[in-house]
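Colleague: Counted from 1, the sequence shown has number 197 at position 99 by this note's numbering; the numbering is strictly sequential. From the three backbone atoms N, C-alpha and C, an ideal C-beta is built for every residue, glycine too. All of these numbers come straight from a predicted model, not from anything done at the bench.
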Amino acid sequence: KKKNWGSMKRCGIEEHDAVSVKRLKQILEHVDSICCPITLQVMRDPVVLQGDGRTYEREDIEAWIAKKATSPYTGLELDDDFGRTLTPNVVLRTTIESILREAAVAEEKALQNHVYEEGMLVEIHSL
Numbered sequence: 099k100k101k102n103w104g105s106m107k108r109c110g111i112e113e114h115d116a117v118s119v120k121r122l123k124q125i126l127e128h129v130d131s132i133c134c135p136i137t138l139q140v141m142r143d144p145v146v147l148q149g150d151g152r153t154y155e156r157e158d159i160e161a162w163i164a165k166k167a168t169s170p171y172t173g174l175e176l177d178d179d180f181g182r183t184l185t186p187n188v189v190l191r192t193t194i195e196s197i198l199r200e201a202a203v204a205e206e207k208a209l210q211n212h213v214y215e216e217g218m219l220v221e222i223h224s225l
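#1: Helix, strand or coil, according to DSSP, for Thr137 in the structure here?
#2: Using only the alpha-carbon positions, how far apart do Asp179 and Ile163 sit?
#3: Using 8 Å as the cut-off, can you tell me whether the stretch 134 to 151 makes contact with the stretch 174 to 192, which would need three or more C-beta pairs spanning the two stretches below that distance?
#4: How long is the line joining the alpha carbons of Gln148 and Val129, rounded to whole angstroms?
#5: CB-CB under 7 Å to Arg182, same chain, minus the five flanking residues each way: which ones, in chain order?
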């Protein structure tokens with residue numbers, strides 16, 4: 099399933115960032131799965147909400163539950179302590195850290211061959 103720039107922009111990734119666009123698209127093939135469904139930002143501390151089994155950024159789901167006490171996904175009330183329990187999603191955290199490290203490497207390689215010109219990424223050999 100191919101992702102377009104709309105998915106990446108929702109996660110705060112802009113096309114003009116100094117990153118190899120093609121490589122970044124490959125790295126972030128599953129961008130929706132690493133973004134919090136509440137804020138649409140890349141998660142740094144992903145946790146599973148026991149009440150709906152979905153993964154959210156810890157800070158965002160804690161704020162959500164404090165205000166609404168419902169599942170952001172289902173809209174159903176989280177009526178007991180177990181339903182509001184947050185469990186670290188260690189596997190996803192490790193995956194996200196790996197993706198971000200690989201993106202940083204891709205960015206470094208892109209910077210070796212590109213420069214910014216008026217906010218746009220330009221290949222050095224085209225200048």
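Modeller: On the basis of the supplied data:
#1: Coil at Thr137, not helix or strand.
#2: Using only the alpha carbons, I get a separation of about 11 Å.
#3: A contact exists between the stretch 134 to 151 and the stretch 174 to 192.
#4: The C-alpha of Val129 is placed about 23 Å away from the C-alpha of Gln148.
#5: Counting only residues of its own chain and dropping the five nearest sequence neighbours on each side, Arg182 has a CB closer than 7 Å to the CB of Gly149, Ile163, Leu176.
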